[in-house]
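Heads up: the first sequence begins at 1 in our numbering, then just goes up one per residue. Virtual Cβ for every residue (Gly too), placed ideally from N, Cα, C. For clarity, every value in this text was computed on a predicted model and none was experimentally measured. Here the structure is laid out as structure tokens; the discussion comes afterwards.
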Amino acid sequence: MPGGTTILWLRADLRLDDNAALVAAASRQGTLLPLFIHSPTEEESWMPGGASRWWLDRSLRALDASLRERGSRLVVRHGASLDVLRDVAREAGAGAVFWNRRYEPASIARDRIVKQALRQDGLVAESFNSALLFEPWENVKNDGTPYRVFTPFWKSMLKRGNVPSPLVTPAPIAAPSRWPRSESIDDLALRPRPDWAAGLREAWTPGENGAHAELARFLRDGIENYETGRNLPSQVGTSRLSPHLHFGEIGPRSIWKAVHDLAADRGSAAFDAAAESWLRQLAWREFAHHLLFHFPHTAEKPLRPEFARFEWADDETLLSHWQRGLTGYPIVDAGMRELWATGWMHNRVRMIVASFLVKDLRVAWQEGARWFWDTLVDADLANNTMGWQWTAGCGADAAPYFRVFNPLLQSRRFDPDGIYLRHWLPELAALDAKWIHEPHGAPALVLEAAGVRIGKDYPAPIVAHDQAKRLALDAYQSMMSGR
DNA sequence: TTTTGAGTTGTTCGA
DNA sequence: GTCGAACAACTCAAA
């Protein structure tokens with residue numbers, strides 16, 4: 001019978017707007033019990049890192065506040081998901097559990113067990129899609145197998161048409177007559193101790209309102225010049241929506257519609273082109289989930305099996321210099337310090353630092369993926385995995401192995417005035433645009449005038465790029481020839 | 001099945 | 001300084 005109480009099991013969908021499970025639960029004409037279960041070990045080896053936990057803490061508080069505005073609240077518990085769901089269902093007399101799907105391998109396995117068990121208990125258990133425009137199994141090749149190249153995936157997605165519209169959430173949200181026990185968000189101990197999150201607080205506003213504000217900012221100031229702006233780390237030329245998307249504070253359906261509405265309003269071909277280039281990025285997110293769904297081993301292992309025998313440098317020193325932003329290459333070090341301070345790094349710089357770790361230092365891409373996982377507020381298994389495998393050349397797109405980023409050229413091209421470098425490397429701030437990209441090459445008098453002592457104030461390069469590139473290419477060739 | 005065209009993000013060389 | 005071609009040849013998608 002309809003009615004009764006439905007548990008809305010919230011996970012990576014921390015929003016009220018455009019939430020399919022919420023809309024479906026509300027349509028049952030009963031009451032709704034919003035529940036978050038903290039169960040990090042169920043993510044197996046991909047437990048949220050410190051930056052992600054900080055974000056989650058803030059996002060849960062924002063969600064609770066939004067629910068209270070609508071006459072409800074967020075129940076918070078910790079423990080094994082199935083056990084908690086059963087306990088809460090009993091305590092609240094709930095007859096149904098609804099949730100939005102996640103696509104990480106460990107989540108899929110857990111959710112399958114949970115759904116089956118709840119149904120055996122006699123509960124209604126249903127899952128929905130609120131994270132993606134299309135399910136990973138929907139947009140596949142004509143022969144039913146998954147795509148491994150982005151462009152055909154994207155064309156096929158456009159050809160499907162009918163991108164779903166965002167769902168409208170009813171207000172208020174009907175609260176149950178009796179609330180089950182809830183822990184406080186503080187009890188989850190998500191906030192870092194000691195508190196190193198000052199930079200994160202300054203940079204971000206987690207939560208649904210913060211997400212929509214960021215989208216509005218980007219649609220107003222960023223999207224028109226996205227093609228150039230997205231490559232300049234000294235500017236806010238990207239949407240910065242990645243952490244909001246990861247936690248589901250905003251969904252792709254809302255974004256797709258907002259962009260198309262704006263494009264229709266502008267009615268200019270130039271705007272359409274800019275808008276499409278950004279929506280392609282949203283499709284890359286879809287593609288990443290598609291890949292992780294169909295190739296679940298790729299979070300740990302290369303998609304291209306021949307890369308399993310690549311000989312990586314097993315060198316803790318190189319890795320730790322990279323992690324701390326002490327490589328002697330300013331663009332790499334600036335990026336790594338931005339990451340450490342804000343939990344985020346500009347995408348252009350992510351490519352540069354990733355290429356540097358994998359090709360110049362020849363440290364395994366999995367080490368870089370791990371560090372990003374622990375430090376990024378937008379750490380997302382699908383995106384992180386695809387990005388690192390692409391950089392290493394072992395991923396879905398056949399990037400030619402000789403494509404090695406030159407950190408000096410990239411730095412000059414995308415931060416010509418050194419604004420980004422000076423911001424994150426204050427010890428180099430007095431160097432001019434000519435030398436800030438390569439301080440170790442500057443004449444002694446220039447260094448002296450700028451107060452920079454190489455090896456003391458700022459490190460000498462830990463590897464010589466030209467030589468490192470040759471060694472990397474040799475290593476790739478050895479691997480390919482099977483030696 | 002075979003064939004054909006194409007593939008996020010780069011660098012370097014030589015005209 | 002700018003531009004096109006080469007890098008080296010592989011995998012994928014689709015006709």
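DSSP state of residue i mapped onto helix, strand, coil
i, result
"Y226", "helix"
"G199", "helix"
"G395", "coil"
"F414", "helix"
"W9", "strand"
"R422", "helix"
"Y458", "strand"
"G506", "The structure shown does not extend to residue 506, since the chain spans only 1 to 483, so no value can be given for it."
"F271", "helix"
"N406", "coil"
"V363", "coil"
"R453", "coil"
"N19", "coil"
"A382", "helix"
"G248", "coil"
"L337", "For clarity, residue 337 is Arg in the given sequence; the question names Leu instead. Three-state DSSP puts R337 in a helix."
"V259", "helix"
"W99", "strand"
"A77", "It should be pointed out that residue 77 corresponds to Arg in this sequence rather than to Ala. Three-state DSSP puts R77 in a strand."
"A442", "coil"
"A94", "strand"
"Q235", "coil"
"P330", "helix"
"G387", "helix"
"D432", "coil"
Environment of residue i [buried if 16+ CB atoms lie within 10 Å]
i, result
"S481", "exposed"
"K359", "buried"
"L445", "exposed"
"V168", "exposed"
"S492", "Any question about residue 492 goes unanswered here, given that the chain covers just 1 to 483."
"D13", "buried"
"N139", "buried"
"D64", "buried"
"W137", "exposed"
"T391", "buried"
"E448", "exposed"
"Q410", "buried"
"T327", "buried"
"Q389", "buried"
"I113", "exposed"
"A288", "buried"
Cβ distance (whole Å) where residue i is taken to contact residue j below 8 angstroms
i, j, result
"V75", "P34", "7 angstroms"
"W284", "F150", "7 angstroms"
"L190", "A211", "19 angstroms between Cβ atoms; not a contact."
"L494", "T375", "Since the first residue shown for the chain is 1 and the last is 483, residue 494 is missing from the structure and cannot be characterised."
"R401", "G393", "The question names Arg, yet the displayed sequence has Tyr at residue 401. Correct: roughly 5 angstroms between the Cβ atoms."
"S234", "I419", "4 angstroms"
"K301", "P166", "No, K301 and P166 are not in contact; Cβ-Cβ is about 36 angstroms, not under 8 angstroms."
"L118", "L85", "7 angstroms"
"H290", "F128", "That pair is no contact at about 18 angstroms."
"E208", "D17", "6 angstroms"
Contact test: residue i Cβ vs the ligand COA heavy atom, cutoff 7 angstroms
i, result
"A25", "The ligand COA is not part of this structure, which contains no ligands at all."
>> At 4 residues or longer, what runs of the alpha helix (DSSP H) sit wholly inside the stretch 277-325?
In response: DSSP runs (the alpha helix (DSSP H)) wholly in the stretch 277-325: 316-324.
> Quick check: the stretch 41-59 against the stretch 239-257, are there 3 or more CB pairs under 8 angstroms?
Replying inline: yes
>> For the stretch 214-227 against the stretch 275-283, do three or more pairs of beta-carbon atoms, one drawn from each stretch, fall closer than 8 angstroms, so that the two count as touching?
In response: In short, these stretches touch, since the Cβ pair count reaches three.
> Which whole runs of the alpha helix (DSSP H) in the stretch 123-193 are 4 residues long or more, in chain order?
Replying inline: 150-160
>> Check whether the stretch 82-100 and the stretch 20-33 touch, using three or more Cβ-Cβ pairs below 8 angstroms as the test.
In response: yes
>> Suppose only complete runs of 3+ residues qualify. What are the beta strand (DSSP E) ranges in the stretch 23-60, listed by chain order?
In response: Correct list: 31-38.
>> For the pair the stretch 103-121 and the stretch 286-302, tell me if three or more CB-CB distances fall below 8 angstroms.
In response: yes
>> Three Cβ pairs or more, each shorter than 8 angstroms: is that satisfied between the stretch 418-430 and the stretch 452-460?
In response: yes
> If we count Cβ pairs, one from each stretch, closer than 8 angstroms, do we get three or more for the stretch 161-180 versus the stretch 309-328?
Replying inline: no
> Counting Cβ pairs, one atom from each stretch, are 3 or more of them under 8 angstroms apart for the stretch 327-342 and the stretch 408-425?
Replying inline: yes
> Pairing CB atoms from the stretch 71-87 with CB atoms from the stretch 177-186, are three or more of them under 8 angstroms?
Replying inline: yes
> Does the stretch 187-204 come close enough to the stretch 346-360 to have 3 or more Cβ pairs within less than 8 angstroms?
Replying inline: With the cut-off at 8 angstroms, the stretch 187-204 and the stretch 346-360 do not touch.
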